[in-house]
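K.L.:
Take any residue in the sequence shown, note its place counting from 1, add 380, and you have its number in my numbering. The C-beta atom is built at its ideal place from N, Cα and C for all residues, glycine as well. Questions regarding the structure given below will be posed in turn.
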Amino acid sequence: MVRGMLAGLAAVLFINAHARDAGAANVCNAALDSMFVSGPNFVVPGDATRDTVRLQLTLGAGTITGSPTPPGPQLTLHRLKFDLDCSTGGLPCGDQGNVVSYGGDSTVTTDCPGVTWTTNVPGGGSATNEVVFTPSTPIVIAGGVNNFCHLEFDLIVVNPEPTSGPQSDNTPLVIEEVAGFVQAAAFADGDATCNNGLQAGNQGSAAIPLCPPCAGDECTDRVCPDDTTNPNAGTCVGTPKTSQPCTDSDNNVCTIAGCEASPTDPTSGVCVQTHTFATDSTPCPDSDNNACTTAGCNGAGVCDQNHMTKTCPAADECNGGCDATSGQCTPKTSTPCTDTDGNVCTIAGCEVSPTNSELGVCVQNHMFASDSTPCPDTDNDSCTTAGCNGQGVCDQTHMQCVKGLGCRVTGGGTVDACGTGDSGCDPNTPGSCAPDTCASPALEATHGGQVGAPVGVATAFTADSACIAGEWTHVRHIRPRLFGNFHARSFDSLMCACLPCPENPDVQGVVGALCNPDDRICGPEPRRAPANKICFSGAGDYALTNGRRESRSVVFRVDVEDRSEPGGTNGPPPPDRYRIRIWFVDPDTSDGLTLRQEVACADPTTEELTATSASVPTPDIDDGGDLIRGNQQIHPPLNKTCP
């Protein structure tokens, strides 16, 4: 509905109605009027149903004298300013803060011919109090045409006016606004200019009336009527809520609080604690300390302690009887009960009967013992350990010991030495050559000996073990001379393993049996043996050149794999493998003994060191790879006991 005023709001009044040329008595006037064309009569800030109004500004030209003829008096509108909320003054007025929000350029409509409007705040909002409307092209209006065209946009009242402080005024329920034109120092910068060389400075005010804050309570509705035919429009009107539930404060569950009209104020409601009585058998507080008797309301506002009595199964290991606190039968759940099935892998426990939710029964397989819980061993095998499998079954082979595997090695050959230079290995085959990391590089190395004879007991680590016998040498070469000479006769560890190989991945070794029987690819055949891999470590003698070796001066580890026959790269693949790592560390010091333990052959299936300690240094010598020439042969251990 189009209205010329909003709840008694008059149209914009002219202020500073014209500009005058004192010498020639010429004047320049714009015409500006406003009306709210939609929205409530009384705005409720922040209420999406009553917080938005739409303002229409009527643009035109007033009296203009002293203009040339032709074309006659004309007014050119370059821009229009509108201040959203004002505490004092004209343009620009005192901002009252986050009170009125401009609806944004998307809400703008106009019938001004041939133009569109944009603003300095196209997205809208209340952060900028002065909205500047600019037509896409200046609007030229003949003098005296007061109602030339219109501009409309939305305004949203987001908050009430401040009632105190520098942004407040003496009309907190009326939001004042200012619209108009501002004269500039330079004619070309004026908001509205006439063709007589003067600027118009017309400004006008408008106002949005607000509803006062209307706060109801649980028994009273308070609203602000918007209908101006209602004599109470724009004020808070109270209406009592009758029979509406309200806060119970008498602590009597047998009475129900409800709203009733106030006997002294017909516009207000009050909360009456005895508005109605709770229905018969409504539960009420138990004060006899026996929850097996259930208290209940008697329908007349009184709590009867003996209103009902509970009957439960007799108390036993899975039933607790009637609980005096809750008044409920208490079948026990997950409580241990008598174990009668003799199975340590099942755990008896109480459960609720599937046919009676108030009865507890003892279930023998209530839970399964955790995986690896010991259980009776009945297979008389010392290398198997019985244990629960986590599913209620005693598995006689739950764990199996790994029997230490012994063997011995003979042979020797030539391998790549750690360092640069062509020794004959294939650098394109992974693991064929030694790494180029040695501080003491050599070209190639020769090695050989026998370890594990006359005695070779599988040993993860025993310093200078008497149960490992043999001798091993390793000589490094830079043609035409030696560049390192190693000899060992004392061993800390010896472990053997049966490994598959990529060339024949279907062959799997079995600990304690023949390794890869009838397989002449992965080894160790043709000599049958329980292993095709041997690892041994200990303390050795070493000379940096061909001089005399220094006794027990280094720590070492050797890994040997016996593959095809013969073992060198001149035979069928895969060739035998040999790797020696040497650390220039005194093996008889505390650090040396620790290093010997960390590099020992605990896991013979891999060349990787078992130790994860960051203290294990990079070996000073790391020679080996595929045998270039020679052969390694792994044999079964000799039938000789450890001294």
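Quick check on glycine 918: does DSSP put it in helix, strand or coil?
P.N.:
For the purposes of this step, residue 918 is taken as the residue at position 538 of the sequence shown. Strand.
K.L.:
Cα separation between glycine 1005 and aspartate 796?
P.N.:
In the sequence shown, the residue the question calls residue 1005 occupies position 625. In the sequence shown, the residue the question calls residue 796 occupies position 416. Their backbone Cα atoms lie some 7 Å apart in a straight line.
K.L.:
According to the neighbour-count rule (16 or more other Cβ atoms, all chains shown, within 10 Å of its Cβ), is arginine 937 buried or exposed?
P.N.:
Here residue 937 refers to the residue found at position 557 when the sequence shown is read from its first residue. Looking at its Cβ environment, which holds 16 or more other Cβ atoms inside 10 Å, arginine 937 is buried.
K.L.:
Give me the Cα-Cα distance between glutamine 1013 and threonine 765, rounded to the nearest whole angstrom.
P.N.:
The sequence position of residue 1013 within the sequence shown is 633, counting from 1. The sequence position of residue 765 within the sequence shown is 385, counting from 1. Those two C-alpha atoms are separated by around 36 Å.
K.L.:
Less than 6 Å between C-beta atoms, sequence neighbours within five positions excluded: which residues of the same chain meet that for proline 552?
P.N.:
Stepping through the sequence shown from its first residue, residue 552 is reached at position 172. So the qualifying residues of the chain are Glu541, Thr543.
K.L.:
Tell me whether the beta-carbon of alanine 559 lies closer than 9 Å to the beta-carbon of leucine 455.
P.N.:
Along the sequence shown, one-based indexing puts residue 559 at 179. Along the sequence shown, one-based indexing puts residue 455 at 75. No, the pair does not count as a contact, with Cβ atoms beyond the cut-off.
K.L.:
Use the C-beta contact count for asparagine 509: other C-beta atoms within 10 angstroms, 16 or more gives buried, fewer gives exposed.
P.N.:
Translated into positions along the sequence shown, residue 509 becomes position 129. Its Cβ being crowded by 16 or more others within 10 Å, asparagine 509 is buried.
K.L.:
Taking 8 Å as the limit between beta carbons, can you name the residues of its chain near alanine 349, skipping five residues before and five after?
P.N.:
As displayed, the chain neither begins before 381 nor continues past 1023, which places residue 349 out of reach and without an answer.
K.L.:
Which partner residues of glycine 850 appear in the DSSP bridge assignment?
P.N.:
If you number the sequence shown from 1, residue 850 lands on position 470. Paired residues: Val831.
K.L.:
Could you tell me whether the stretch 430 to 442 touches the stretch 525 to 534, using the rule of 3 or more Cβ pairs below 8 Å?
P.N.:
Contact holds: three or more Cβ-Cβ distances are below 8 Å.
K.L.:
Please list, in chain order, all residues of the same chain as threonine 800 whose beta carbon is under 7 Å from its beta carbon, the five residues on each side excluded.
P.N.:
Counting from one through the sequence shown, the residue named residue 800 turns up at place 420. So the list reads Asp816, Pro821, once near-sequence residues are dropped.
K.L.:
Considering only C-alpha positions, which residue in the set Leu1007, Val979, Gly920, Asp921 is nearest to valine 940?
P.N.:
Working through the sequence shown from its first residue, we reach residue 940 at position 560. The shortest C-alpha separation from valine 940 is found at Leu1007.
K.L.:
If you draw a straight line from the C-alpha of threonine 429 to the C-alpha of asparagine 539, how long is it?
P.N.:
Position 49 of the sequence shown, counted from the start, is the residue given in the question as residue 429. Position 159 of the sequence shown, counted from the start, is the residue given in the question as residue 539. So the alpha carbons of these two residues sit roughly 14 Å apart.
K.L.:
Less than 8 Å between the CB atoms is what I'm expecting for alanine 641 and threonine 627, so what's the real figure, rounded?
P.N.:
Position 261 of the sequence shown, counting from 1, holds the residue named residue 641. Position 247 of the sequence shown, counting from 1, holds the residue named residue 627. Wrong, their Cβ atoms sit about 17 Å apart, outside the cutoff.
K.L.:
For the alpha helix (DSSP H) containing arginine 976, name the first residue and the last one.
P.N.:
Residue mapping note: residue 976 aligns to position 596 of the sequence shown, counting from 1. Element bounds for arginine 976: 970 to 978.
K.L.:
What residue range does the beta strand (DSSP E) around cysteine 408 cover?
P.N.:
Translated into the one-based positions of the sequence shown, residue 408 becomes position 28. Cysteine 408 -> beta strand (DSSP E) spans 406 to 418.
K.L.:
Quick check on DSSP: helix, strand or coil for alanine 441?
P.N.:
Here residue 441 refers to the residue found at position 61 of the sequence shown. The answer is strand: DSSP assigns alanine 441 an E or B state.
K.L.:
Looking only at C-alpha atoms, which of Glu697, Thr608, Met747, Gly828 sits nearest to valine 793?
P.N.:
On the sequence shown, residue 793 is found 413 positions in, with the first residue counted as 1. A small correction: the amino acid at residue 793 is glycine; valine does not occupy that position in the sequence shown. Looking at the Cα atoms, Gly828 is the closest of the given residues.
K.L.:
Using the Cα positions of valine 773 and aspartate 759, report the straight-line distance between them to the nearest angstrom.
P.N.:
In the sequence shown, the residue the question calls residue 773 occupies position 393. In the sequence shown, the residue the question calls residue 759 occupies position 379. So the two alpha carbons sit approximately 15 Å from each other.
K.L.:
Determine the contact status of arginine 976 and alanine 919, defining contact as a CB-CB distance below 9 Å.
P.N.:
One-based indexing of the sequence shown puts residue 976 at position 596. One-based indexing of the sequence shown puts residue 919 at position 539. Yes, Cβ-Cβ distance for arginine 976 and alanine 919 is below 9 Å.
K.L.:
How do the stretch 444 to 463 and the stretch 510 to 527 stand: do at least 3 beta-carbon pairs fall below 8 Å, yes or no?
P.N.:
Yes, they touch.
K.L.:
Can you tell me whether aspartate 645 is buried or exposed, with buried defined as 16 or more other CB within 10 angstroms of its CB?
P.N.:
Translated into the one-based positions of the sequence shown, residue 645 becomes position 265. Its Cβ having fewer than 16 others within 10 Å, aspartate 645 is exposed.
K.L.:
Taking DSSP as the reference, what is the three-state secondary structure of phenylalanine 841?
P.N.:
Residue 841 sits at position 461 when you count from the first residue of the sequence shown. Here phenylalanine 841 sits in coil by DSSP.
K.L.:
Looking only at its own chain, which residues have a Cβ that is under 7 Å from the Cβ of valine 424, when we skip the five neighbours before and after it?
P.N.:
Position 44 of the sequence shown holds residue 424. These residues qualify, in order along the chain: Arg430, Asp431, Cys591, Cys604.
K.L.:
Hey, cysteine 702 and lysine 712 are a contact pair by Cβ (cut 8 Å); roughly how many whole angstroms apart?
P.N.:
Within the sequence shown, residue 702 is the residue found at index 322, counting from 1. Within the sequence shown, residue 712 is the residue found at index 332, counting from 1. Actually they do not touch by this definition, with Cβ atoms about 14 Å apart.
K.L.:
State yes or no: is the C-beta of valine 979 within less than 9 Å of the C-beta of valine 934?
P.N.:
Here the question's residue 979 lines up with position 599 in the sequence shown. Here the question's residue 934 lines up with position 554 in the sequence shown. No; because the gap between Cβ atoms is not below 9 Å, this pair is not in contact.
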